[in-house]
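Asker: Structure below; questions to follow.
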Amino acid sequence: MKSDWHDTLALLGRILIAAIFLMSGLNKIMAPGQTQGYMAQFGIPLTGPLLVGAILLEVGGGLSILLGAFTFWGSLALLIFMIPTTLIFHTNFADPNQVIHFMKNLAITGGILYVMEAGPGRISVDAKRKPESARRIEAIARRRAA
């Protein structure tokens, strides 16, 4: 019974982590000029290609975590994205709002690291897709149930 809760909580956690990336990616799609302007304020060159890359990472990585498909790789991509994004855009610690964004990003990064370590749980594409992934996920669930 305990492992059932772990899988349900893993799914809920993945949904919540994925939501911020999916919403952020969709917001960039809906207002690309605004996003490029924000990037330019920080001296970011090539805002067009970098915007496309950010959208692909946020939407692709968000879907990966949401569905639990290629979860480790989607999480790794988002982790690599989060580090420079946080350091470039959210280190004006004189601005309390930026401190909040910085801390929020640290918390999200912690969630991503946890997903990378714990795996997506049995309610995931990864668990259905590959027998070795399913065995790894099952072993993690058994350890937690003990």
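Note that our numbering has the sequence shown beginning at 21, numbered continuously upward.
By construction, the Cβ of each residue, glycine as well, lies at the ideal position given by its N, Cα and C atoms.
Measuring straight from C-alpha to C-alpha, what distance separates residue 132 and residue 101?
Answerer: Those two C-alpha atoms are separated by around 11 Å.
Asker: Since I believe residue 79 is in contact with residue 45 (beta carbons under 8 Å), could you give me their beta-carbon distance rounded to a whole number of angstroms?
Answerer: Confirmed, about 4 Å.
Asker: Hey, which unbroken runs of the alpha helix (DSSP H) at 4 residues or more fall wholly within the segment 103-139?
Answerer: Whole alpha helix (DSSP H) segments, 4+ residues: 116-138.
Asker: Along the chain, which unbroken stretches of the beta strand (DSSP E) at least 3 residues long are found entirely within the segment 21-84?
Answerer: Within the segment 21-84, no complete beta strand (DSSP E) run reaches 3 residues.
Asker: In the DSSP assignment, find the alpha helix (DSSP H) that holds residue 148 and state where it starts and stops.
Answerer: First-last of the alpha helix (DSSP H) with residue 148: 145-149.
Asker: State the Cα-Cα distance for the pair residue 113 and residue 106, rounded to the nearest angstrom.
Answerer: Roughly 12 Å between the two C-alpha positions.
Asker: Should residue 62 and residue 109 be called a contact, given that it needs their Cβ atoms to be closer than 8 Å?
Answerer: Going by C-beta atoms, residue 62 is nearer than 8 Å to residue 109.
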